[in-house]
Structures are given as structure tokens and as C-alpha cells.
Amino acid sequence: DSCIQFTRHASDVLLNLNRLRSRDILTDVTILVNRQQFRAHKTVLMACSGLFYTIFTDSHKCNLNAISLDPKVDPEGFAILLDFMYTSRLALKESLIMAIMNTAIYLQMDHVVDTCHRFIKSSDP
Amino acid sequence: YEGVSTIKETGRSVHEIPSD
């Protein structure tokens, strides 16, 4: 007996999910951050963020098709984290690091928060 | 999969959805 392990399966599927997002296919929620709107798939959001997991596992909220985030959340920071969810690549720009980290704290993305902490420490002379 | 030999396949695993 043997088993074939397709080593790039996870990244191939994620790439396709990102293509679906970019073409707005089967996206089922709009995230409002200040005045900016981001379309996404609830399943991807809740797989990556503790906050979205809590929201979409709540039977009263799981059918919402729009979610407004705290107005203090930075839309640029959110955009970077949303791209990370769909690509596994986190663009850590020095000018946006605090916005990214604070948004990651708000979204309960603990591993990203740890990574931001390490990035800040390593950049600190 | 204990005791089962695993063969690694490094090629694409699913079709590629076009970007637009």
C-alpha cells in the first residue's frame, strides 16, 4: 500500500481561493473598515482570525453579509492581513508595522502578532 | 497512514483558476 502526498496542494488551493476573491466569485461577506469595503469568503476569514471565527460561529451573526470593524482599525493594515490570509505572505512594511500589529491584535491573529513583535525587536537599534 | 509508504508528488495538485 502506498499514499501519494501532493506537497503543494495547500498552496494550490489557497491560490485558487485568492483568484475566486479577486473575481468576487462566491465571496459571501463585505468587511467595512472605515469607508473601505473588502469582499471575502467567511470560511477563509474564520480559518485565519479568532475574531471572525467567533463572529461566524455565532448563530445570530453567521448570516450577516456585511461586518463593520472598529473605526480605529487601519484599512491599509487590514488589507495587508487579508492578503496574508489568502497568500500566506505577510508584507511587513516598516511604516505600517504598528497598524498591522494592532489590526492583528484586534482580529485575534496571535501568530502574526508574535511575528510583528519579532520584526519590531529586530528593527530596533 | 502508519506503515504506508508515502510518495511525494511535487507537481500541481488541482486545476488553476484563471485570474480574470
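Chains as they are written, first to last, in my numbering: chain A, 1 to 125; chain B, 1 to 20. Ideal Cβ placement from N, Cα and C applies to all residues, glycine included.
What are the start and end residues of the alpha helix (DSSP H) that includes LYS42(A)?
-> Indexing the first sequence from 1 puts residue 42(A) at position 42. Segment 42–48, the alpha helix (DSSP H) holding LYS42(A).
Taking LEU26(A) as the reference, which of GLU94(A), ASP1(A), HIS41(A), MET109(A) has the closest Cα?
-> Walking along the first sequence from the start, residue 26(A) turns up at place 26. It is HIS41(A).
CYS48(A): contacting residues in chain B (beta-carbon distance under 7 Å) | For this step, residue 48(A) is matched to residue 48 along the first sequence. Residues of chain B passing the Cβ test: none, with the nearest at roughly 20 Å.
For ILE97(A) versus PHE78(A), is the C-beta distance shorter than 8 Å?
-> For this step, residue 97(A) is matched to residue 97 along the first sequence. For this step, residue 78(A) is matched to residue 78 along the first sequence. The Cβ-Cβ distance between ILE97(A) and PHE78(A) does not fall below 8 Å.
Could you pull out every residue in the same chain whose Cβ sits closer than 7 Å to the Cβ of GLU76(A), ignoring the five residues on either side in sequence?
-> As a working mapping, residue 76(A) is identified with position 76 in the first sequence. If we look at GLU76(A) and ignore the five residues flanking it on each side, its Cβ neighbours are LEU96, ALA99.
Please list the partners that GLN5(A) has in chain B, where partner means a Cβ-to-Cβ separation under 8 Å.
-> Taking the first sequence and counting its residues from 1, the one referred to as residue 5(A) is at position 5. Those are THR6, ILE7, LYS8, GLU9, listed as they occur along chain B.
If you measure from the beta carbon of ASP1(A) to each beta carbon in chain E, is any gap under 8 Å?
-> Of the chains in the structure shown, none is chain E; the protein chains are A and B.
Does DSSP put THR6(B) in a helix, in a strand, or in coil?
-> The count along the second sequence starts at 1 and reaches residue 6(B) at position 6. Three-state result, THR6(B): strand.
Minimum Cβ-Cβ distance from LEU14(A) to chain B less than 8 Å = Here residue 14(A) is taken as the residue at index 14 of the first sequence, counted from 1. Not closer than 8 Å to any Cβ of chain B, the Cβ of LEU14(A) fails to qualify, so no.
Best match in ASP24(A), SER88(A), VAL13(A), ILE4(A) for proximity to CYS48(A) [C-alpha to C-alpha] = By 1-based counting over the first sequence, the position of residue 48(A) is 48. Cα-wise, what sits closest to CYS48(A) is SER88(A).
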